[in-house]
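Residue numbers (the numbering used here): 299 to 622.
And the structure:
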């Protein structure tokens, strides 16, 4: 929890309000606490695995988090018509998911948009694209902070900033070194200067367009794979605090120790020429899951929840509706 400080009489050694580890004394004495309302638009085929990974890391905080799982109307329509998904039981979706149109009148402290099992070279040609665009526009007025993962990050960067991407000849996947960049929001508080993150993607964003965009800040990058975490910040509390309005995460800090191994086994079964994930297996042993050396990087999710808590109003209806 944050350290209480007096903004009128700043202490020379205590953290500042901009650090993410402090709270103003007036706010601390008058704040009310409620569960953080977070919606998850889960576009992955194996929904249960994604649910488990995200719920585990979102729960790494003393704050209460209420999760609402949503899916596009078109997908729910197919389920209600009797379609049997290949990776998630229909009964699971019927029990735990709401269709997008049923929550669009609500406001949320946070929203997560996951990746998708992409089929098209052009992301705008994916069947979910029209509804995703609608949800992106809706988030401007109904969500305080949105976390975009993998394909979701590419889609949002394209929609909000016209930042394109290219598809690589081979999938880039493995365990890659990353370093911290400037981070005025404190989203990566507690991260070491150098750390490893699992990478698994086909697409690379336009780094030149990213560098020219003054609204975006790459807070974690890799010399081998480029930008990983990109932040679009905004102010709250009359400008005394700064939070990440939108977060674009291209890689996978939430991966379990065996996720890359399972991906390799799946891809290798389809194409024996598939190389093993880079920098991942120890001593070239592709049958043994290596230890999880990146678990601490999933602190990103707990930091995000804490940041939302600091910035969001007690009455969720008061979430500003004027963000761009």
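Ideal placement from N, C-alpha and C gives every residue a C-beta, glycine not left out.
Euclidean distance between Cα positions of residue i and residue j
| i | j | result |
| --- | --- | --- |
| residue 461 | residue 455 | 5 Å |
| residue 244 | residue 480 | Since the first and last residues shown for the chain are 299 and 622, residue 244 lies out of range. |
| residue 311 | residue 603 | Residue placement at residue 311 is flagged as unreliable, the pLDDT there being 49, under the threshold of 50; a coordinate-derived value is accordingly withheld. |
| residue 469 | residue 590 | 22 Å |
| residue 543 | residue 615 | 17 Å |
| residue 588 | residue 347 | 20 Å |
| residue 331 | residue 586 | 45 Å |
| residue 381 | residue 387 | 10 Å |
| residue 472 | residue 557 | 10 Å |
| residue 593 | residue 567 | 28 Å |
| residue 505 | residue 519 | 11 Å |
| residue 445 | residue 412 | 8 Å |
| residue 575 | residue 498 | 9 Å |
| residue 606 | residue 570 | 45 Å |
| residue 555 | residue 580 | 13 Å |
| residue 379 | residue 353 | 29 Å |
| residue 541 | residue 426 | 29 Å |
| residue 404 | residue 484 | 28 Å |
| residue 578 | residue 355 | 22 Å |
| residue 366 | residue 349 | 11 Å |
| residue 452 | residue 530 | 14 Å |
| residue 343 | residue 373 | 11 Å |
| residue 424 | residue 448 | 15 Å |
| residue 572 | residue 617 | 47 Å |
Exposure label - residue i; buried when at least 16 CB within 10 Å
| i | result |
| --- | --- |
| residue 503 | buried |
| residue 415 | exposed |
| residue 250 | With the chain covering only 299 through 622, there is no way to say anything about residue 250. |
| residue 551 | buried |
| residue 463 | buried |
| residue 526 | buried |
| residue 523 | buried |
| residue 583 | exposed |
| residue 488 | exposed |
| residue 476 | buried |
| residue 439 | exposed |
| residue 384 | exposed |
Residues of its chain near residue i, where Cβ-Cβ distance is below 6 Å and the 5 sequence neighbours each way are ignored
| i | result |
| --- | --- |
| residue 441 | 406 and 409 |
| residue 516 | 479, 525 and 528 |
| residue 337 | 366, 368, 406 and 409 |
| residue 532 | 543 |
| residue 553 | 496 |
Residue i: CB within 7 Å of a non-hydrogen atom of the ligand MG
| i | result |
| --- | --- |
| residue 517 | The ligand MG is not part of this structure, which contains no ligands at all. |
7 Å CB neighbourhood of residue i in its chain, flanking five on each side removed
| i | result |
| --- | --- |
| residue 402 | 436 |
| residue 371 | 397, 398, 399 and 429 |
| residue 559 | 587 |
| residue 561 | 471 and 498 |
| residue 465 | 419, 500 and 501 |
Short CB-CB distance (under 8 Å) between residue i and chain B
| i | result |
| --- | --- |
| residue 444 | Among the chains in the structure shown there is no chain B, since it carries only a single protein chain. |
(request) Jot down the residue ranges of each uninterrupted beta strand (DSSP E) in the stretch 408-492, minimum 3 residues, whole runs only, in chain order. (result) Given a length threshold of 3 residues, each whole run of the beta strand (DSSP E) inside the stretch 408-492 is given here in chain order: 441-447 and 463-478.
(request) Decide yes or no for the touch test of the stretch 580-599 against the stretch 355-366: beta carbon pairs closer than 8 Å, at least 3 of them. (result) The stretch 580-599, when compared against the stretch 355-366, does touch it at the 8 Å Cβ threshold.
(request) Take every Cβ of the stretch 415-432, pair it with every Cβ of the stretch 387-396, and state whether three or more of those distances are shorter than 8 Å. (result) No, the stretch 415-432 does not touch the stretch 387-396.
(message) Could you check whether the stretch 383-393 touches the stretch 416-424, counting it as contact only if at least three pairs of C-beta atoms, one from each stretch, sit closer than 8 Å?
(response) Flag = no, the stretch 383-393 and the stretch 416-424 do not touch.
(message) If we require 3 or more residues per run, which beta strand (DSSP E) segments fall completely within the stretch 351-389?
(response) Listed in chain order, the beta strand (DSSP E) elements of length 3 or more contained wholly in the stretch 351-389 are 363-369.
(message) Runs of 3 residues minimum, wholly inside the stretch 493-531: which ones carry the beta strand (DSSP E) assignment?
(response) Entirely contained in the stretch 493-531, the beta strand (DSSP E) runs reaching 3 residues are, in chain order, 515-520.
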